Every structure is written in structure tokens, then in C-alpha cells.
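Participant:
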Amino acid sequence: MPVGGMASTDQKFTIKSADEPQKGELLYSDDFSDPGSGWKRSSTSESAYAYKNGRYHITVLIPQRSFYAYIPNAQTFKDFIVEVEAKAEAVPEDGSYGLVMRTYNGDFYRFEIEEVGKYAFYKYINEEWLTLVSFTASSAIETGPGINKIKIIAQGDTFTFYVNGEQLGECSDRSLSSGEIGLFASTRDGGGDEVSFDNLKVWEVGTAGVAEVASGSHLTVRPGESIQDAIDRAGEGSTIEVQSGTYRENVDVTKSLILRGVGNPVVEASDNHSAILLSADEVVLDGFTVTNAGVVGSVIGGIEAHSSGNIIRNNIANKDDHGILLWHSSDNIITGNTVTGNAERGIYLLNECNRNNISDNTVSSNDGDGIYIWNSTNNKVVGNTIHYNNNYGISISDSRNSALYRNKLVDNRNDAYDNLEDAQSGTNKWDDGSIGNYYSHLQCADSNRDGICDSPYSIPGGISVDRYPMASISENAPGVVVPTRAVTGGERISSSSTINSLQSGSANTSEGVRVDVPAGAVPPNEDGSPGKMVFSIEKDTTQIPSLPSDLKSFGSVYQLGPEGFIFDQPIEITLPIPEGVDPNQVMGITTFNDSSNQWELIPGTVDPQSRTVTIKTDHFSAYGIFGSSDSSDPDAWKRANGGWITIMNSHSRQAPPYYSECDPADTGRREHCKGLPTSISHGICILSATLTDPSLGYMIPRNLPWSIIASDWHERSLAPDVEKVWVPSGTYTIQEELGISEVNNDPLYLPCCQVKSNPAKAVRVAPGATVDFGDYSAFNEGPATVCGNCPMCPSAGRRARGVSTHETSVLTGDVQVTLTWHAEADIDLYVEDPNGDTVSYSNPSVPSGGELDRDNKCGDFEMGKPENIYWPEGGAPDGTYKVRVNYYGDCSDAGPVRWTVRVVVGSVAKTYTGTLESGGDTQDVTTFEKGAG
Numbered sequence: 002m003p004v005g006g007m008a009s010t011d012q013k014f015t016i017k018s019a020d021e022p023q024k025g026e027l028l029y030s031d032d033f034s035d036p037g038s039g040w041k042r043s044s045t046s047e048s049a050y051a052y053k054n055g056r057y058h059i060t061v062l063i064p065q066r067s068f069y070a071y072i073p074n075a076q077t078f079k080d081f082i083v084e085v086e087a088k089a090e091a092v093p094e095d096g097s098y099g100l101v102m103r104t105y106n107g108d109f110y111r112f113e114i115e116e117v118g119k120y121a122f123y124k125y126i127n128e129e130w131l132t133l134v135s136f137t138a139s140s141a142i143e144t145g146p147g148i149n150k151i152k153i154i155a156q157g158d159t160f161t162f163y164v165n166g167e168q169l170g171e172c173s174d175r176s177l178s179s180g181e182i183g184l185f186a187s188t189r190d191g192g193g194d195e196v197s198f199d200n201l202k203v204w205e206v207g208t209a210g211v212a213e214v215a216s217g218s219h220l221t222v223r224p225g226e227s228i229q230d231a232i233d234r235a236g237e238g239s240t241i242e243v244q245s246g247t248y249r250e251n252v253d254v255t256k257s258l259i260l261r262g263v264g265n266p267v268v269e270a271s272d273n274h275s276a277i278l279l280s281a282d283e284v285v286l287d288g289f290t291v292t293n294a295g296v297v298g299s300v301i302g303g304i305e306a307h308s309s310g311n312i313i314r315n316n317i318a319n320k321d322d323h324g325i326l327l328w329h330s331s332d333n334i335i336t337g338n339t340v341t342g343n344a345e346r347g348i349y350l351l352n353e354c355n356r357n358n359i360s361d362n363t364v365s366s367n368d369g370d371g372i373y374i375w376n377s378t379n380n381k382v383v384g385n386t387i388h389y390n391n392n393y394g395i396s397i398s399d400s401r402n403s404a405l406y407r408n409k410l411v412d413n414r415n416d417a418y419d420n421l422e423d424a425q426s427g428t429n430k431w432d433d434g435s436i437g438n439y440y441s442h443l444q445c446a447d448s449n450r451d452g453i454c455d456s457p458y459s460i461p462g463g464i465s466v467d468r469y470p471m472a473s474i475s476e477n478a479p480g481v482v483v484p485t486r487a488v489t490g491g492e493r494i495s496s497s498s499t500i501n502s503l504q505s506g507s508a509n510t511s512e513g514v515r516v517d518v519p520a521g522a523v524p525p526n527e528d529g530s531p532g533k534m535v536f537s538i539e540k541d542t543t544q545i546p547s548l549p550s551d552l553k554s555f556g557s558v559y560q561l562g563p564e565g566f567i568f569d570q571p572i573e574i575t576l577p578i579p580e581g582v583d584p585n586q587v588m589g590i591t592t593f594n595d596s597s598n599q600w601e602l603i604p605g606t607v608d609p610q611s612r613t614v615t616i617k618t619d620h621f622s623a624y625g626i627f628g629s630s631d632s633s634d635p636d637a638w639k640r641a642n643g644g645w646i647t648i649m650n651s652h653s654r655q656a657p658p659y660y661s662e663c664d665p666a667d668t669g670r671r672e673h674c675k676g677l678p679t680s681i682s683h684g685i686c687i688l689s690a691t692l693t694d695p696s697l698g699y700m701i702p703r704n705l706p707w708s709i710i711a712s713d714w715h716e717r718s719l720a721p722d723v724e725k726v727w728v729p730s731g732t733y734t735i736q737e738e739l740g741i742s743e744v745n746n747d748p749l750y751l752p753c754c755q756v757k758s759n760p761a762k763a764v765r766v767a768p769g770a771t772v773d774f775g776d777y778s779a780f781n782e783g784p785a786t787v788c789g790n791c792p793m794c795p796s797a798g799r800r801a802r803g804v805s806t807h808e809t810s811v812l813t814g815d816v817q818v819t820l821t822w823h824a825e826a827d828i829d830l831y832v833e834d835p836n837g838d839t840v841s842y843s844n845p846s847v848p849s850g851g852e853l854d855r856d857n858k859c860g861d862f863e864m865g866k867p868e869n870i871y872w873p874e875g876g877a878p879d880g881t882y883k884v885r886v887n888y889y890g891d892c893s894d895a896g897p898v899r900w901t902v903r904v905v906v907g908s909v910a911k912t913y914t915g916t917l918e919s920g921g922d923t924q925d926v927t928t929f930e931k932g933a934g
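Numbering (the working numbering), first residue to last: 2 to 934.
Encoded structure:
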């Protein structure tokens, strides 16, 4: 129940008797397998948001609170169908969870499931809760750790609710017509509620065709009656309850409905057919015993699915040819079933059965494999007990990208098999990053008694490995301690430049790599004095971008530092196009995202004359050039698959002094603004994109909004700045913006600035075409000036990889060592000085002057926030320094953590990277010398 006062309305609530719209275009989908997909990640004393085991978790740690997470990039939806699988990981009886929708300016609708098996629907308008549907009990709702599949249809002012395929009812309200969609968890009297979500999908409401719904939405079948007759009479969306007894028939479920057994009725098959065949999509099959289906070699299942999106739970499959058989069947949930004593395999996924979730089943005493998966991808096999089977416990053939962990394989003839022989097109994961599976035939040492074998287990048949096999059948292992991995070294040719808060500047190398930094990008020190930062460029031969097959990387990768900061003003990065590479092949710059552990693509401005490619960004990482792998006619591919966007900045408004174009008379502002010279930025903010070919989605940044800006703050800005960027063809929602700011060199003064926007509009980029935003002379001037930082495209995912320099301003000096990482874990930095004293979180200062100026730890964790140890200018002793890192603790099932350490001595910087596997893991990073002078 929402916290706060509650008012009831007179909205009508009914069991649905109208037509159900079909699903239209898929608008959004996330299975939460990628921690870099953009959902909120944080951990505080009040709440935690995390990706764990392929699901998204929200944890509420305090009473009387609700915490929300929304689909990334502030996407809005009007009429839609939304589905999500929700699981109460740890929720007391008064805890709740669900969906919020049409969120706009703080107002929203909320569909809520209470752990006691009730649901309700509210709206929150003008800071007041209003009840649209009071809490109502439903047998469709799973309590405890079961999975509830929630579906909401919002069409106009009508909302229709489903849980686990059963329609609960509908109501009407017209207060909000569109807005964001999100997930939530809520507490009342206690805390510690943890809810996980998976397979979130949003479709538009279809406009063609409706599905028939019978006037009677519930049917009952008793012994002596036919289950098939009831299915034939029922309409789509009906619930059929079958009473306890034996039913000798072959059931074919040809409609989307709920088939629920009461008292575990038995369906006994005949004539070499399945006992229950699911031919229609989105069927719920719950609580049956199936037997006598097929004969040996017939490839018949007691429960057989030739459709997708089904829930098969709490059934018993016994004495069939195969227990549960899926054929060309995807997106199913198979959970809580007992599959035993079958003539061949227990659970069998046969050919192109993808994205299925097989969990918490007992599979035993079958005459073949316990679970067998063939020619299928992206399946999850988690938490099953598999024992006494006459072949393999789990066997996988010609299948990829599946996750298999926390399964207990006991006394099967063989433990496991996986014939994967190469990883080029995908891998199978036999652990979740901390715990794998238990194999009773594996005799392993567990020297530290953490419940995990000291050595990994190579799965027979191919290259797959369980890195963390369980040493015992208990799952209470606290963690994993593995040998330290080597720190990445290799060739690193570096160049650096020291820039302070009072200046703009650049760092460049002899090869033509250049970083341009605007004035004010470097934050002041905490006392307001000018800050100083060493900007570094390091050629790194150890990193090779991993790109799609139709793209390739050109030249070297360059590590830019300092990593882990998000700058309030965009930094410009220019990379040289290597000799022998046609500039027409080049499309932009690729950068490594530590959060998702992937190389991402940023389209850039290619200058064929200077043979360079340039992007503007607000963060530093590793960067390299990418382009088309086709060198015969690379421009042809770009013309066929996309077009160009151009933006110009002619600097015609650069003459001082600054004045407010939002308020030309400077009314009430003369005492504040200094009238400094003016800097102009002209750009666009891409809010959303619908691509003609969705498979080219990797060609634009993952986290929209995305900005393309032509600016005039760097020293080469006397000539017009023209940005021309290639993008895939499609329709883009674009907001054109103009930024005007005082050019300021005083760190104690917040410059006057303003950002003005034209209304967002849909812009079509056709194949081979150019959309020209030109100059800003005809710009439609916008709202009032604001004082302070005025970032353009302010919601453009600016904190996706770190936090603002003004919040992470690290102190600098003769020696500076900075640690960054992008996972919810407590990683600690240690630096030993020449006197043998070590600076760390437990000893934050030493007599030589070394200090730790921040500790990013569980309970007070900020993603991307660095830890920094420094010695003030003139204070660092000469001699040998030693640096190491330690994995202190895992805040939220982070698993292995990739770290970056940058060491700055004077004005020379060097960067190191490595991976800590889990709690207790320590790595020596480097030893360096500081000499006199």
C-alpha cells in the first residue's frame, strides 16, 4: 500500500468482457542480462539498485518507503501493453512491488502486488494518493519466491490488468494520458524488501484485429468431463480449473488461457501422443500430472510446447517418452516441476528454443539426460536439482549464449556436457561470476573452506568452463577467492599536459592525437583555489576493440585520462586516420564502457583533408577509430544504410561583452554578470531514434539522449566549426539548442549562461541524404537565463560512467595515484611511500604528507567515483613507491571487477588496468620512482 493518506474514487472496476487489443510494434525490451543497459545502479543505507544473475533488483532497506526505477532515457509511452516478470526475493507479508506508468511531472499510476496475494491500482496526483482499485485477493498471484508475470494494457482511459496470464479486471481514469514506465518495491512496517525483475517488454497497442473473449471467463472441468471440450468452448483469456481425477485424453491447448489443476489431476495420454500439447502462445499450465505419453524413440513429451511465452509450473511429468519437450518454442518459464522416471530425457529443448527460463525444477531418474538443449540460444538453467539420470545431468549441443548455474548435479551417470568449440559467435556461462554448479563426480580441494573449489572445472566436450564449481551441495558459500590475475602492461607511449581551472588548453602527441579542454572544465579545489589536472594520452597496444563483423578498427587505441570523471563541459577528442586508410571508410570513434564491458560506437566528424576524426564527449576512457570493413566502396554502404547530420557554428555572436538574449535589457542582472567575452555553442539533442534497420542500433550511442555540438571555445575557433556526422537512416526526435556563456577564468565566479531550445521535432534521415541544421541565425529564442552551469542536452546520460568533476574533484600534487572502477563493489587503493608508510582507507594520512581524499565504499557508494591518494606539491619524498589494489567487499553481487589506476608523477602520467575476481583478491599494480627535482 502506498505510504501516506489515501482517498477513494468512484471509478468503476469490472471483470473484463471487452475485446483485448493485439500487440503492435515492440517499443522497448530488456532482459537485464547486460548491466550496461542503462537502469539505475546505486547502493545507499536506504535502498539498492543492481543487476544480479540476469535480473534487475530493487531493495528497500527502511520502512514506509517506496523506491522506483524507470526505463532509461526518460522514454514516454501513451497507449501500450507492458509485461514484466517479478519475483519476491525477500519480501515480508506487508511488502509490495509492481509497475508504475504514465509518470509525468511527479504524477503516475501504480499497479501493486502485495506479498499476501492481493493486487491494487492507484493514482498519485498533485501529491495525493487516490485508490482506483482497492486491494483484492487473487489465486493467480504467486506468493513467496514464485514468479509473477504482470501485464498491463493501457489504452486511452482504460487499464486492464493480468497476472500470470489471468485477467484480473479493468478500470477507467483519464487523469494522465502519457508518461514514463517504471518498476518499484515498497515497504510498510519493516525493511529489507528485495524484488527482482526480468523480461520487461513494452509494445504499442495494435490497431488491427481483436481476440474473442468468452462471456464466461471461468470454466470448471470435473471427472467424467472432457478438458478438450472446455478448451474448445472457452474464449481467449479464459481460466479453466480441472478438478482432481484421471482424464484419459490428449489435450491440445489451442487458445491463450490458464489451465489450472486443482488437487493435481492426472492426464493420461493415448495413441502415442502428448498428454498436454501447448499449440497457442501465452498459456499458463499449472498443477497437472502427465503420464503415458509416447513410446521410446517417438520424440513425444508428456507436456509438449510448440508455441512461445508460456508458463509451465508445478506439474509432474512421469513415465512419458520425454517429460517436458519444447520444439521451436521460446520465451517460456518452466519452474517448480517434478520430472521423473521418463523413458528418455527429462526436459528437452529441441531446435531453436530460445530465451527460456528453466528454474527450480527437480529432474530425476530419467533414462537419458536430465536436461538436454540442442541448437538453441540464450536460455537460463538456474537452481535445478538434477539427480540419478542415466546419462548427463545437463547436456548442451550446438547451443550458445546460455547461462547455467546454481544447479545440483548429483549421482547422474555423467555430470555435464557442452560441445561448444569456439567463442567467436557466443559462449555458454556455467557460473554467475561467483558460484557455478555442484558436480558430484568432481573431487576438488577447498583449501579456504569458502564452499568453492580451488580450481575451475572444464566441462567435457568443448571449451566451456565453470570457473567457480561448488565444493559441496550447500549454496551457502560466502564468496570466491582465486589467484591474482596479471596487471595489463604492454606498450604505452604517453603524452600529458597540466591544465588548471583558469585556462583552456590541450594535450597532444606527435602522432596527431589531440584533446581540447575548455576553460572551467577543471574544477577548483575544495577551498576555492584553482584546481589542477594532468590530462594524459597513452598509446595502448594491449587493447583491441571488439566490433561487429561489418566494422573494423583502424590504428591504435589511446587511453585518455583522468578516467572516471564526467565533465560539465564537453571535451573534444581528435584522432589521426592512419596512413593507407581511406577516410571514406572511417565512421567515428569507439570507446570502452567499463560498466557494460563492451566497446561502444560514437559517430564522429571526419575531415578527409586533415585526415582526422573528431568527437565531443564528457568523459575519458580508451578510444580508437572505427569504420566500414569494406574498402572497395565504403561510401556506398554509408549511403545505402544512413545519412548525415550537419551543424554549423560561425561564431558571429562572439564579440564581448556577454549579455542575456533571454533578457536583452539585463533587467536585474547587471550586478551579477561581469560582462565577460561570450562563448557560443550550437547543437542538437537526439532524444530518441527509430531506425529503418533496427539491427544497426549499435551504430549510435546506447544511452540516449545524445548530443552533437559545434562550439567555439578552443583556440582554433576563428574559422566556422562544422560538425558532419553519419547516422543510420530512420526517424529521430531532435531538439535544437543554443548555448551562450561568459568565458570565465575565475574559479570563484559562476559565469552567466543560458541555454535556449527549439521544440523537439521528428526528423527523417533518409539513405544518402543530409539533414542540415545550418547556422543559428534563425534560432527561435527560448526561455530565461539561468546562473551556473548550463549543460546542453542536460539529460543526455551525463552520469552513465561516472560523476561530475565538481563532485569528484581529486587533489593533485607531486605524486597522485587515482583508482576508478565501474561496479557495485568496495575496491581499495594502497600506496606505500619511500619511508615504508602506507596510505589507505584505514590509514588515510602518513607523516610524509600522503593523503587519501576519498573512500568509495558499500553503504555510501557512487558508481564511478574515484579513490585518490596524493602528496602536495613540494611534499612528496624521493624514492620508491608501491601501489596495490584490494577487493574489500561486494556491495551487490558485482562479481569480477575491472579496475584502472593512473599514476601521475610531476606532469608524467601512466595508466594500468586489471581485474579483481572477488572479495579478498589483492593485486600489485606497479612500483615507481620519484627522483629529486
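Glycine included, each C-beta is placed from N, C-alpha and C at the ideal position.
Treat the numbers as computed from the prediction; the structure is a model and nothing was measured.
Residues in the same chain with beta-carbon distance under 6 angstroms from residue 84, minus the five sequence neighbours each way, listed in chain order, please.
Facilitator: Counting from one through the sequence shown, the residue named residue 84 turns up at place 83. 152, 202, listed in sequence order.
Participant: Cα separation between residue 428 and residue 462?
Facilitator: For this step, residue 428 is matched to residue 427 along the sequence shown. For this step, residue 462 is matched to residue 461 along the sequence shown. One C-alpha to the other measures close to 14 angstroms.
Participant: To the nearest angstrom, how far is it from the Cα of residue 53 to the Cα of residue 41?
Facilitator: Within the sequence shown, numbered from 1, the residue matching residue 53 stands at position 52. Within the sequence shown, numbered from 1, the residue matching residue 41 stands at position 40. So the two alpha carbons sit approximately 13 angstroms from each other.
Participant: Answer yes or no: do residue 436 and residue 407 have a C-beta to C-beta separation smaller than 8 angstroms?
Facilitator: Here residue 436 refers to the residue found at position 435 of the sequence shown. Here residue 407 refers to the residue found at position 406 of the sequence shown. It is a contact, given that the beta carbons lie within the stated cut-off.
Participant: So residue 410 and residue 439 are in contact, right, with Cβ under 8 angstroms, and what is the actual spacing, rounded?
Facilitator: In the sequence shown, counting from the first residue as 1, residue 410 sits at position 409. In the sequence shown, counting from the first residue as 1, residue 439 sits at position 438. About 6 angstroms; that satisfies the 8 angstroms criterion.
Participant: State the Cα-Cα distance for the pair residue 914 and residue 283, rounded to the nearest angstrom.
Facilitator: Numbered from 1 along the sequence shown, position 913 holds the residue referred to as residue 914. Numbered from 1 along the sequence shown, position 282 holds the residue referred to as residue 283. Taking the straight line from one Cα to the other gives about 47 angstroms.
Participant: Starting from the C-beta of residue 639, find all residues in its chain whose C-beta is less than 6 angstroms away, skip the five residues before and the five after it, and write them out in chain order.
Facilitator: For the purposes of this step, residue 639 is taken as residue 638 along the sequence shown, with counting starting at 1. Here the set comprises 727.
Participant: Pick from 471, 64, 143: whose alpha carbon is nearest that of residue 116?
Facilitator: To locate residue 116, count along the sequence shown from 1; it is residue 115. It is 143.
Participant: What is the DSSP secondary structure of residue 623, reduced to helix, strand or coil?
Facilitator: For the purposes of this step, residue 623 is taken as the residue at position 622 of the sequence shown. It is a strand residue.
Participant: Once DSSP output is grouped into helix, strand and coil, what is the label at residue 70?
Facilitator: For the purposes of this step, residue 70 is taken as the residue at position 69 of the sequence shown. Here residue 70 sits in strand by DSSP.
Participant: When you compare only the Cα positions, how much space is there between residue 693 and residue 67?
Facilitator: Locating residue 693 in the sequence shown gives position 692, where the first residue counts as 1. Locating residue 67 in the sequence shown gives position 66, where the first residue counts as 1. Approximately 39 angstroms, taken between the alpha carbons.
Participant: Please report the straight-line C-alpha distance between residue 399 and residue 157, rounded to a whole angstrom.
Facilitator: Here residue 399 is taken as the residue at index 398 of the sequence shown, counted from 1. Here residue 157 is taken as the residue at index 156 of the sequence shown, counted from 1. Cα-Cα distance, rounded: 46 angstroms.
Participant: Looking at the secondary structure, which residues open and close the alpha helix (DSSP H) in which residue 953 lies?
Facilitator: Residue 953 cannot be examined here, being either before or after the span of the chain that is shown, 2 to 934.
Participant: Is residue 717 helix, strand or coil when you go by DSSP?
Facilitator: Working through the sequence shown from its first residue, we reach residue 717 at position 716. Confidence is the limiting factor: at residue 717 the pLDDT is only 45, short of 50, which leaves the residue's position unreliable, though a coordinate-based value still follows. DSSP places residue 717 in coil when its eight states are reduced to three.
Participant: Between 160, 184, 907, which has its C-alpha nearest residue 134's C-alpha?
Facilitator: What you label residue 134 is simply residue 133 of the sequence shown in a count that begins at 1. Ranking 160, 184, 907 by Cα distance to residue 134 puts 160 first.
Participant: Taking Cβ positions, are residue 873 and residue 907 nearer each other than 8 angstroms?
Facilitator: One-based indexing of the sequence shown puts residue 873 at position 872. One-based indexing of the sequence shown puts residue 907 at position 906. No. Outside cutoff.
Participant: Using the Cα positions of residue 81 and residue 729, report the straight-line distance between them to the nearest angstrom.
Facilitator: Position 80 of the sequence shown holds residue 81. Position 728 of the sequence shown holds residue 729. Residue 81 and residue 729: Cα-Cα distance of roughly 26 angstroms.
Participant: My parser needs the beta strand (DSSP E) runs of 3 or more residues fully inside the stretch 379 to 446; what are they?
Facilitator: The qualifying runs are 381 to 383, 386 to 388, 393 to 398, 404 to 406, 409 to 411, 415 to 419.
Participant: Name the one or two DSSP bridge partners that residue 729 has.
Facilitator: The count along the sequence shown starts at 1 and reaches residue 729 at position 728. Residue 729 pairs with 643.
Participant: So residue 228 is in the alpha helix (DSSP H); what residue range does that whole segment cover?
Facilitator: As a position in the sequence shown, residue 228 is number 227, starting the count at 1. Counting along the chain, the alpha helix (DSSP H) containing residue 228 begins and ends at 228 to 234.
Participant: Could you give the first and the last residue of the continuous beta strand (DSSP E) run that contains residue 78?
Facilitator: Numbered from its first residue, the sequence shown carries residue 78 at position 77. Where residue 78 is concerned, there is no enclosing beta strand (DSSP E), given that its DSSP letter is neither H nor E.
Participant: Applying the 10 Å Cβ sphere with the 16-neighbour rule, what's the burial state of residue 334?
Facilitator: As a working note, residue 334 is residue 333 in the sequence shown. Flag for residue 334 reads buried.
Participant: Please return the same chain residues whose Cβ sits closer than 6 angstroms to the Cβ of residue 224, not counting the five positions on each side in sequence.
Facilitator: Within the sequence shown, numbered from 1, the residue matching residue 224 stands at position 223. The residues are 246.
Participant: Taking DSSP's pairing of strands, which residues face residue 375 in a bridge?
Facilitator: As a first step, residue 375 must be located in the sequence shown, where it is residue number 374. Note: residue 375 sits in a beta bridge opposite 351, 398.
Participant: Can you give the beta carbon distance from residue 628 to residue 556, rounded, assuming they're within the 8 angstroms contact cut?
Facilitator: Indexing the sequence shown from 1 puts residue 628 at position 627. Indexing the sequence shown from 1 puts residue 556 at position 555. So it is not a contact: roughly 10 angstroms between Cβ atoms.
Participant: According to DSSP, simplified to helix, strand and coil, what is residue 636?
Facilitator: For the purposes of this step, residue 636 is taken as residue 635 along the sequence shown, with counting starting at 1. The answer is helix: DSSP assigns residue 636 an H, G or I state.
Participant: Report whether the distance from the Cβ of residue 380 to the nearest heavy atom of the ligand SAH is below 7 angstroms.
Facilitator: The ligand SAH is not among the ligands present in this structure, which contains no ligands whatsoever.
Participant: Hey, could you find the ends of the beta strand (DSSP E) residue 588 is sitting in?
Facilitator: Taking the sequence shown and counting its residues from 1, one reaches residue 588 at position 587. Residue 588 -> beta strand (DSSP E) spans 587 to 594.
Participant: Checking the sheet assignment: what are the DSSP bridge partners for residue 152?
Facilitator: The residue labelled residue 152 in the question sits at position 151 within the sequence shown. Note: residue 152 sits in a beta bridge opposite 84, 163.
Participant: Under 8 angstroms Cβ to Cβ from residue 77, same chain only, skipping five residues before and after it: list those, please.
Facilitator: Looking up residue 77 in the sequence shown gives position 76. For residue 77, where only same-chain residues beyond five positions count, the Cβ hits under 8 angstroms are 105, 179, 180, 181.
Participant: Any beta carbon from chain C within less than 8 angstroms of residue 282's own beta carbon?
Facilitator: Among the chains of the structure shown, chain C does not appear; only one protein chain is present.
Participant: Cutting at 7 angstroms between CB atoms, please list the residues of its own chain near residue 602, excluding the five before and the five after it.
Facilitator: Numbered from 1 along the sequence shown, position 601 holds the residue referred to as residue 602. Closer than 7 angstroms at the Cβ level, and outside the excluded window around residue 602, lie 589, 591, 627, 699, 700.
Participant: Buried or exposed for residue 618, going by 16 or more other Cβ atoms inside 10 Å?
Facilitator: What you label residue 618 is simply residue 617 of the sequence shown in a count that begins at 1. Its Cβ being crowded by 16 or more others within 10 Å, residue 618 is buried.
Participant: Going by DSSP, name the residue or residues bridged to residue 600.
Facilitator: Walking along the sequence shown from the start, residue 600 turns up at place 599. According to DSSP, residue 600 bridges with 593.
Participant: Would you tell me roughly how many angstroms separate the C-alpha atoms of residue 599 and residue 425, rounded to the nearest one?
Facilitator: Position 598 of the sequence shown, counting from 1, holds the residue named residue 599. Position 424 of the sequence shown, counting from 1, holds the residue named residue 425. Cα to Cα, the separation comes out at about 15 angstroms.
Participant: Whose C-beta lies closer than 6 angstroms to the C-beta of residue 853 among residues of the same chain, with five residues either side of it excluded?
Facilitator: As a working note, residue 853 is residue 852 in the sequence shown. Contacts found: 840, 845, 870.
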